[in-house]
Structures are given as structure tokens and as C-alpha cells.
Amino acid sequence: MPPPPPVVEQRGHGGSRDSLALTLTSAFNSAAGLLGFVIAAWVMPQEEVGRATEFVSAMQLIGGAAQLNLGIGLMRWLPGAGRRSVRLVFGSLLLIMPLSGLVGLCYGLVVPRVTEVAAGDGPFGWGLLLLVLGCAGWGVYVVHDFVLVAVGRPWIAVWRTGTFAVTRIALLAVLGAGLASQGMVLSWVIPVVLWIAAGTVVLWFVVRRYAAAGDAGRLPSRASMAAFLAPTAVAQFGAVLLYNQVPLLANFRMGNEIGAVFFIAWQATVVVDTAAVFFTNSLAVQTAREPHRAAELARSTRRRMLTVFVPLLALGAVLSWPVLRALGEGYTVGAPVLAALMVGVLFRLVVVFELARRQADGDGFGYARLSLLNSGLVVALAWLVPLPDPGTAHPALVMLPFVAAYIVVQAAFAALVTLGDRGTPAAHAAA
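Here the sequence shown stands for residues 766 to 1196, numbered as in our numbering.
Here's what the structure looks like:
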């Protein structure tokens, strides 16, 4: 392992600013996604909404998994990289994009129903191209945000994400009514391609300037990088499965109509969950800049997270019925499901903070173990838990086993993390 970077107090790199910027980028993305599905519910038949969610979930699943957790790695390594920053950043991007596109190609061939949604009335190859482009772009989309935060330009990330969200919603409003599920596909893929192209140019100038202002820089050895990335990349795949495979399984097992209701309820939880993950991910770059304040930074991050997100969860539970009622009678059955899922996210906040703390400490295997067990158990239960017959049972009862599995798993892990880690030195330091 190389020696840690020197302790340098850096102005303009406050932890609160980084946390706020990352939270806003996540909130814009997630809220725009949720609003997009709300608009889709108004302008498309419910079954078409369900079909469109299959493409979006598959694209985000593949793009998120192909990131290999390099976003967090870059946040940890860029503060000490100096003039090596350009090579570090663009080497990472050139690894993620082809990998994500290749996996998207294979996925589209193995699961043709997703490709057919993208193709609409066009040829299968057109749908496959859209899937490949969407996956390749989404694989690096979030990584751009992490890089901008790490080099001290977090508000560029906020503006970038905000304009992306507005454009995506506008395209859906224009294309959705006429093209149905394919319109939603295009409302994602077109902005992803354009924003990644423009964002790459911006990153080139921003990172070069950051590198020129630094010293010779140093990076961890390849072995050290691999020791961090190998377990955490696998664990990140578990989190991506949690966000995206669960609604896919709901569609496959419940049918598109009930699956559309579950997807919107699930998407609301993802808004809060991913915002909390982004909020706490800033702990990695804060700790890299000021390792001597690791315990203090962890305490502050946890306190701010709870202050921000617990009220949001309560508000989400209260507003579940009126929000879903506005979408139409077919969606109101999801109100108790959404309210119950908010309870599950409350327990998951404990897990989210613990994951962020382990990443910031460089505990790759500890992070991987916790993330994989938590996410993997939820996905496994969503796959295997018996469901009432969707053709005869009330839709809320059909969704209930998925919801119960999520709440039970998150509550159990929150208890285990709280009780089990109190005895560790790191936990005492962060308490």
C-alpha cells in the first residue's frame, strides 16, 4: 500500500457541499424517473407502462453493474492523483463503456422481449442498438458525477443532472402518447447519448485543469486497487440487482398491469434509497482528503443523513394514496404497498450508512459481504416467495409477499449492523 496522502485542509471542498451536490444529482435522476413514469401512466395504457419499465430496469441494471464501483474508487484516489488524474479518469471510462455496451448486446439477444420494447414497430436490430447505446452511456453517467465532485466541481454535476432530467421528461411528454413504450425508451436513450458526449468533453478540460494544478501525484498499486474494486464491484452488482431486478421479477411474475403499479411504488423507494447512498458516498472523498478526521466525518454524515431522510420517508408514506390516486384508479391499490416500503427504507438507512463507512475505510470485503447478503436475500426472496394468483387475488395481496420480504430483510440487517458493529474499534470511533 502506498503512504496515505498528506493532510491538507482544502477550501471549497466542504463535506456538506459534496453531500448536498451528490444528493441533488441523485434526487434529480430518481425524481425525474419517477415523474416520467407518472407522466407515462397518464398518457399510456397501464400494460404499456409495464413493458417500458422492463427496458429501463434492464438498462440501469447493466449500466450500474458495469461501473465496477470505479466511481467510488475514483473519489478515493483522485485527491492524491495529481498529474496522473487524466489517465486515471479516462482509463476508467474507457473500461466501463465498452463493457457495458457488450453486456447490453448479450442481454438483448438473450432476453429479446426487452429489445422488442425498444424496437417498437421497427426492426429488432434497431431495438438492440438502442439498448447497447443506453447501457454504454448509463454505465458512465453516474461516474461523471463522482469525478466532478472529487475534483472540486460538484455544482457542474448538479446542473448537468438537472438539465438531463428536464430534457428526459420533456421528450417523454412529446413522444409517449404517440409511441407508447418505445417513446419512453427514446426519452431515456437520446439524452443519455447526448449528455455523455457533451459531459466527456467537459470532463476532459476540468480534469486536465485539476491535474495541472497538482503535484506529481501517486496512486495505489494495481494490487491495492484490485483489492478494493474486486469485492466492491461484485457488491455493487448486488445493489443494482436490488434496484432493478426486483421490479423486473415483479413484471415477470405478476404481469405487466400489476407490475406497473409495483414498479412505481418501488421507484419511489429507490428515489430515497439512492439519494441516501449518494449522500453518504461523499464520505469516501471527505475521508480521502482528511483521513485524520475519519471518525468525526462519519458521525457528521450519519447525523445529516438521518436529519434529511427520516422526514422524507414519513412524507412519502403520508402522500402515497393521493399521489397514486392522481395516476388513475388502477394505481391506487399500490398506496399501502408504497407506505409499507417506506418503513423498509427506514431500516435500510442504517445499512446504507454502514456501507458508506466501510467503503470510506477501504474495507472492500466488509462492504461486499454486507451489500451482497442484504441485496441478494431480497432478490432471492422476490424470485422464490410464493405469490397469490394474479388473475384472481387483489393486486395489493399479490404484491404483499415482495413488500414483506423487503421489510423483514432490512429490519434484520439494521439490527445486526447496530448490534454487531458496536464491538468493533471503527464502530466505536464513528459512534
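Just so you know, even glycine gets a beta-carbon here, dropped at the ideal spot from N, CA and C. The model shown is predicted, which means the values in this text are computed figures rather than measured ones.
Secondary structure of Thr-1157 (DSSP, three-state): coil.
For the 7 Å CB-CB criterion, Ala-1053 and Arg-841 form a contact. Taking the C-beta atoms as reference points, Val-954 is found no nearer than 7 Å to Ala-796.
Judged by DSSP secondary structure, His-1057 falls outside any alpha helix (DSSP H); it is assigned neither H nor E.
Within the region 1075-1116, no complete alpha helix (DSSP H) segment of 4 residues or longer occurs. Put simply, the region 1000-1019 touches the region 807-820. At least three CB pairs are less than 8 Å apart. Between Leu-1114 and Val-1168, the gap from beta carbon to beta carbon reaches 7 Å or more. Look at Ser-986 here: in three-state DSSP terms it is coil, with no helix or strand label. Between Ser-791 and Phe-1043, the gap from beta carbon to beta carbon is short of 7 Å. Under the Cβ criterion (8 Å, minimum of three pairs), the region 794-814 counts as touching the region 922-931. The Cβ atoms of Arg-849 and Leu-984 sit closer than 7 Å to each other. Relative to Val-950, the option among Ala-1125, Ala-1176, Arg-1090, Leu-893 whose CA is nearest is Leu-893. Between Leu-1142 and Leu-1120 the beta-carbon gap is near 15 Å, outside 8 Å, which marks them as no contact. Rounded to the nearest angstrom, the gap between the Cα atoms of Ala-1082 and Ala-995 is 37 Å. With contacts defined by Cβ atoms closer than 7 Å, Val-1005 and Leu-826 form a contacting pair.
Here the alpha carbons of Ala-884 and Gly-1156 stand approximately 29 Å from one another. In the structure shown, the three-state DSSP call for Gly-917 is coil.
A check of alpha carbon separations from Val-868 across Met-824, Ile-804, Val-939 identifies Met-824 as the nearest. No Cβ-Cβ contact shorter than 7 Å links Ala-1176 with Phe-1118.
The region 901-921 makes contact with the region 852-862, as at least three CB pairs between them are under 8 Å. In the three-state DSSP reduction, Ala-978 falls in the coil class, being neither helix nor strand. Listed in chain order, the non-local C-beta contacts of Ala-1030 below 7 Å within the same chain comprise Gly-1099, Val-1102, Leu-1103, Leu-1106, local neighbours out to five positions each way being set aside. Cα atoms of Val-908 and Val-1050: separation of roughly 14 Å, rounded to the nearest angstrom.
Each residue's CA atom was taken as its position, placing Leu-1138 and Phe-1178 some 9 Å apart.
The Cβ atoms of Ala-786 and Ala-922 sit closer than 7 Å to each other.
Asp-1154 is classed as exposed because its beta carbon has fewer than 16 other beta carbons within 10 Å across all chains shown.
Every unbroken stretch of the alpha helix (DSSP H) spanning 4 or more residues and falling wholly within the region 817-842 is given here in chain order: 835-842. Check the Cα spacing between Pro-1160 and each of Ala-1079, Met-1019, Gly-917, Phe-911: the tightest is with Met-1019. The criterion of a C-beta distance shorter than 7 Å is not satisfied by Val-1182 and Pro-1166. In summary, Ala-1091 is exposed, with fewer than 16 beta-carbon neighbours lying within 10 Å of its beta-carbon over all protein chains present. Excluding sequence positions up to five before and after Thr-1097, its CB lies within less than 6 Å of the CB of Leu-1089, Arg-1090, all in the same chain and listed in chain order. Where Val-1144 is concerned, the enclosing alpha helix (DSSP H) starts and stops at 1129-1149. Of Val-1144, Thr-880, Gly-1003, the smallest CA-CA separation from Gly-829 is found for Gly-1003.
Taken atom to atom, the span from the alpha-carbon of Gly-948 to that of Ala-981 is near 49 Å. Ser-946 sits close to Val-882, with the two beta carbons spaced by under 7 Å.
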